[in-house]
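Numbering-wise, the sequence shown is residues 3 to 436 according to the working numbering.
Here a beta-carbon is modelled for each residue, glycine too, at the ideal position from N, C-alpha and C.
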Amino acid sequence: MIKSQIKVSRLLLSSALIICSCSCVRASPTSQTNVGITQGPNGRTTVKEQSPIQMPCVYQLPDSYRQSNSVTLRWRKDGKALRQVELGLASSTTSEPQLETMLREDARLTLNKETGSLHFASVLASDAGVYQCQLLVEGQSAVTSGSGTLEVIEQLKFMPQPTSKNLELGSVSKVHCKAQGTPPPQVKWMRETQLPLPTNVTDHNGTLIFRGVSNEQRGQYTCFASNSQGQISATVTINVVVAPKFSVPPVGPIEVNEAGVAVMHCQATGEPKPTIQWDKDLAYLNENNTDPLRFRLLENGTLEIHDVQPEDEGRYGCTIGSSAGFKREDVMLVVKSNKSTSNSIVTRIIIVIICLAFLYFVLVLGLKLWYRYRRHMGKVQLDDAAHAAVDADGHEHAEHEPCLTEANSSKNLKSKLRESTILEQDSQVADDIV
């Protein structure tokens, strides 16, 4: 009897445990096996460039996760985040910092929140790569789809488009032609309508090389690019030019009196013929900022300014230019006022007077020195004559010198004394003048 009661108690306890475990299982949240991606971008997809394409990402997510968890659907390309969208109501916290700055802005890409698919409005060659989609649930490991490879058949095109060019006469120049496509295209140049290239022009892998540019090489050249997609072409015009050069550059500074005429020359050569444009302090001269009655631009490029005013002073630049290039030279115009001109004349007169006074002083000083020299020489001669007279009276040199009479000796002495007196008077006059 007791044993039967014990068995009944054990059965009741087991039933209670089973019921409790079942109720506990029902009350627990849905396990992670209910969160997953049923279809992703698996396999290899090939599409032509500029065509639309949609890559699938079908996911499974219970509503309970949307209400209480942060859930993010993210697409990756070559392992890098490309696009993402929030599926849950809670705010997301991601383990990748500054993720928003990593996502490139591209209007061609659209991520559908409901279906999870990634749509390309127009595929580019740069879109080729390996793609994956992910479900990121906060607090759980990410659920990742299989990898899908996108191959893009690049459209045959020129990159960049060839353009016409001006080549300097006698120079070595190059004209490039590059094309892209799948498979890689072949590129070649022809002249005009399938004519061979001229002398000294070669085609090296799509690059035209001109050695010693001449007028015979001008004309139209066509670049052809071809592969299995077909053939494309681009025609450019080659012009032979001569860079503009100054034949008569502006030379200065130029000084002109107020109300006078200023003439600034500027002439140039080149092919094609260059144009000439004048500016003042880097502001181009035109009808709006000049007086046509005073400013005249001649056909040869010379600029004339009549009735020059003080405000016309400044730096004038001459720019020559054509399709071959541009060059610029400038010149300074200095306007001298009438007041400064009169002051200059007075200054010159004063300088002339000072110079004349200095010359007069030098002349007088020279005369004084000359008179003094004459006086000195007169005294020397007088002394010599006196000594000679004494010697004659004493007969010291009787045997060697002729005898002088007393009358002759006294006459010579008087003559010397008269000369000495005249020299002293002249010297005194010179001293008085100084």
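> According to the neighbour-count rule (16 or more other Cβ atoms, all chains shown, within 10 Å of its Cβ), is lysine 282 buried or exposed?
Replying inline: buried
> DSSP on glycine 327, reduced to helix/strand/coil?
Replying inline: strand
> On the premise that glycine 90 lies in contact with asparagine 71, defined as a C-beta separation below 8 angstroms, what is that separation, rounded to the nearest angstrom?
Replying inline: 5 angstroms
>> Let me check one thing: in DSSP terms, what residues is asparagine 259 bridge-paired to?
In response: Lys338
>> Can you look up arginine 358 in the DSSP assignment and give me helix, strand or coil?
In response: The question names arginine, but residue 358 in the sequence shown is leucine. If DSSP states are grouped into helix, strand and coil, leucine 358 belongs with the helices.
> When the distance is taken between beta carbons, is aspartate 332 closer than 9 angstroms to alanine 264?
Replying inline: no
> Under three-state DSSP, which class holds proline 246?
Replying inline: strand
>> Counting C-beta neighbours from all protein chains within 10 Å, is the total for phenylalanine 360 16 or more, i.e. buried, or is it exposed?
In response: exposed
>> If you reduce the DSSP assignment to three classes, tell me which class isoleucine 237 lands in.
In response: It is threonine, not isoleucine, that sits at residue 237 in the sequence shown. Note: threonine 237 maps to strand in three-state DSSP.
>> Quick check on DSSP: helix, strand or coil for lysine 381?
In response: helix
> Would you call methionine 266 buried or exposed, if buried means 16 or more other Cβ atoms sit within 10 Å of its Cβ?
Replying inline: buried
> Within the 9 angstroms Cβ cut-off, does valine 203 reach chain B?
Replying inline: The structure shown contains no chain B; it holds only a single protein chain.
> For alanine 270, which option in Gly254, Glu301, Pro294 and Ala261 has the closest C-alpha, if you only look at C-alpha atoms?
Replying inline: Glu301
>> Pull the bridge partners of glutamate 88 from the DSSP assignment, please.
In response: Thr74
>> Between Ile353, Arg376, Val354 and Val258, which has its C-alpha nearest proline 312's C-alpha?
In response: Val258
>> Quick test of your reading: aspartate 309 and alanine 261, contact by CB under 8 angstroms. State the CB separation rounded to the nearest angstrom.
In response: 6 angstroms
> Where do the ends of the beta strand (DSSP E) carrying valine 2 lie?
Replying inline: Residue 2 cannot be examined here, being either before or after the span of the chain that is shown, 3 to 436.
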